[in-house]
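In numbering that gives the first Met the number 0, the protein residues as written are 0 to 319. Beta carbons are placed, not taken as given, at the ideal position from N, Cα and C, and that holds for glycine. The next block holds one structure in the form of structure tokens; read it before the comments.
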Amino acid sequence: MNLPVRLRRLRDNAATRKLFQETTVGIGNLLQPYFVVPERDVKREAKKGTALYQASGAPLYEEASVLARAGCGGLMLFGVPSFKRDTPDQLGEQLVPLTDAAKQLKKHTPSLPLFADVCLCSYTTHGHCGLVKDGVIENDASVAALCTMAVELARAGVDFVCPSDMMDGRVAAIRQALDVAGFTRVGIVSYAVKMASAFYGPFRAAADSAPQFGDRTTYQMPAHNRREARREWQLDEAEGADVLLFKPALTNLDLIRDAREGSDLPLFAYQVSGEYAMVRAAADAGLLDFERAITEQLVSIRRAGADVVVSYHARALAGL
Ligand code: PBG
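Pasting the structure below:
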């Protein structure tokens with residue numbers, strides 16, 4: 000054949016394939032989530048095969064130092080409180096597992112960046128991400144509670160607070176609350192585009208955060224809307240977010256690409272519990288190779304434009 004262009008020349012051998020590789024993914028691009036529980040010195044997988052780790056005390060600090068030595072991008076901490084409450088007056092106490100862990104982690108692994116979730120779903124009996132009055136999730140009262148949470152977490156030493164609640168106006172309010180409290184150095188990773196998704200199932204079991212009535216469709220986004228997604232991250236950028244986060248990752252690669260082209264902020268994507276579980280289940284059924292499939296997902300998420308991926312697979316890359 001008379002073919003002037005033969006793309007296979009670039010793929011001829013391992014060395015050329017490596018040389019021309021456009022996208023990389025390593026543990027330095029990943030954040031490892033943990034669910035910090037009130038019991039002392041715990042490390043357990045919430046449910047077998049989910050890679051959702053509930054941890055606290057020494058086992059958590061040991062994992063953190065292994066991850067730090069391996070060059071992991073940081074930890075994403077979720078709190079599981081010792082009691083639930085539908086008013087925000089005892090949030091400080093409810094946050095103790097998380098704030099204690101943050102203080103200790105900052106002593107044990109001071110250089111490992113700490114990100115902490117800001118949301119009410121695991122702290123309330125109804126399991127919604129905001130405060131409920133007469134069956135309605137109230138935006139502005141919820142924002143005030145989220146600000147309290149963010150300041151408590153900043154006080155405990157986290158580097159970034161990560162509001163995942165999807166209330167309107169919370170990024171600006173949290174920024175102001177942090178600044179007034181003197182935490183100008185604490186950043187905000189905004190869950191800017193978070194879909195009302197079927198892929199959070201395993202997480203809700205681990206964080207004990209499933210909604211007890213209705214669903215999250217009045218605050219989380221419908222997967223159908225691309226323009227609305229753009230409005231979400233544009234608003235969060237204008238409100239002072241330091242980082243924009245997209246979630247789930249695989250079903251929103253196009254929206255990540257939109258943001259990569261329309262914003263200069265760092266972008267995070269969350270390879271969520273259900274995305275991980277799909278690969279695990281398929282691999283366990285002998286249908287595909289786990290390591291290759293999960294890596295291909297991570298590469299694709301990075302190729303779409305995400306700088307950092309929150310992934311349950313980070314531990315494995317650190318040999319854990
Ligand atoms: C809610 C929250 C959720 C996740 C992170 N933060 C789930 C939800 O909206 O119910 C999901 C993460 C995952 O599935 O891995 N604050």
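In terms of alpha-carbon separation, which member of the options lies closest to residue i?
i	options	result
Y218	R174, V278, C118 and G181	C118
R314	V35, G72 and M0	G72
A115	A140, T124 and P162	P162
K102	V179, A155, D11 and A209	A155
A149	A237, V188 and V271	V188
A303	L286, K193, F267 and A237	F267
A57	A206, R43, Y269 and T49	R43
V323	D263, G239 and L316	Shown here, the chain extends from 0 to 319; a query on residue 323 therefore has no answer.
D241	A248, L249, P247 and W232	W232
Three-state secondary structure (DSSP) at residue i?
i	result
R43	strand
Y320	Outside the displayed range of the chain (0 to 319) lies residue 320, so it cannot be described from this structure.
G56	helix
G134	coil
A305	coil
P162	strand
S310	strand
F182	coil
V117	strand
A149	helix
S189	strand
With a cut-off of 8 Å on the beta carbons, I'd call residue i and residue j a contact; round off their distance for me.
i	j	result
A63	L104	6 Å
V24	L297	5 Å
I26	A54	Incorrect: roughly 18 Å between the Cβ atoms, too far for contact.
I300	H312	With 8 Å as the limit, I300 and H312 do not qualify as a contact, their Cβ atoms being about 11 Å apart.
L59	A100	6 Å
Beta-carbon of residue i versus every beta-carbon of chain D: anything under 9 Å?
i	result
T22	Protein chain content of the structure displayed is limited to a single chain, and chain D is not contained in it.
If you follow the beta strand (DSSP E) that residue i is part of, which residue opens it and which one closes it?
i	result
K106	From DSSP, K106 is part of no beta strand (DSSP E) but of the alpha helix (DSSP H) over V95 to H107.
G73	G73 to G78
P348	Residue 348 cannot be examined here, being either before or after the span of the chain that is shown, 0 to 319.
K246	V242 to K246
So residue i is in the alpha helix (DSSP H); what residue range does that whole segment cover?
i	result
Y275	S272 to D283
Q20	Q20 -> no alpha helix (DSSP H), and no H or E assigned at all.
G261	L252 to G261
Q233	R225 to A237
The stretch 168 to 187 contacting the stretch 9 to 19, beta-carbon criterion three pairs below 8 Å: no
Stretch pair the stretch 90 to 100 + the stretch 134 to 143: three plus CB contacts closer than 8 Å: no
Taking contact to mean 3 or more Cβ pairs, one atom from each stretch, closer than 8 Å, check whether the stretch 282 to 292 and the stretch 250 to 269 are in contact. no
Taking one C-beta from the stretch 72 to 89 and one from the stretch 33 to 41 each time, how about it: are there three or more such pairs within less than 8 Å? yes
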